[in-house]
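Okay, so here's the structure we're looking at.
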Amino acid sequence: MNQKFKLAPSPTCTCGQEDQTAEHILQRCPLLDEERKEVWPSPTPLQTKLYGSRQELEKTTKFITSAGLIV
Ligand SMILES: [Zn+2]
């Protein structure tokens, strides 16, 4: 059992810049700029997006859904 569990066939994001981590997707991925601005018109810390209030978490879910990513 040496094989690591993989979430996606490739860990690199489709933008090709970085691995597809939660931080990259939520904060930096250039492919998702538009969706990100719709959900968070002003910059929001990653901490808030992942561990914020229920309302904040709903925004995160909405973003992930509109980005077409599987949770
Ligand atoms: Zn990306």
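Throughout the sequence shown, residue numbering follows the UniProt record's numbering, covering 1 to 71 in sequence. The beta-carbon is built from N, C-alpha and C at its ideal position, and this holds for glycine as well. Since the structure is predicted, the reported quantities are computational estimates derived from the model, not experimental observations.
query	result
Touching or not, the stretch 10-27 and the stretch 41-61, by the rule of three or more beta carbon pairs under 8 Å?	yes
Count the other C-beta atoms from every protein chain shown that fall within 10 angstroms of the C-beta of residue 73, then say buried if there are 16 or more, exposed otherwise.	Because the chain is modelled from 1 through 71, residue 73 falls outside the range shown and cannot be assessed.
What residues in its chain sit with their C-beta under 6 Å from that of Lys59, if we drop five residues either side in the sequence?	Val39
Leaving aside the five residues before and after Leu46 along the sequence, list all residues of the same chain whose C-beta is less than 8 Å from its C-beta, in chain order.	Ala22, Glu23, Leu26 and Gln27
Tell me whether Gln17, by its Cβ, gets closer than 7 Å to a heavy atom of ligand 1.	yes
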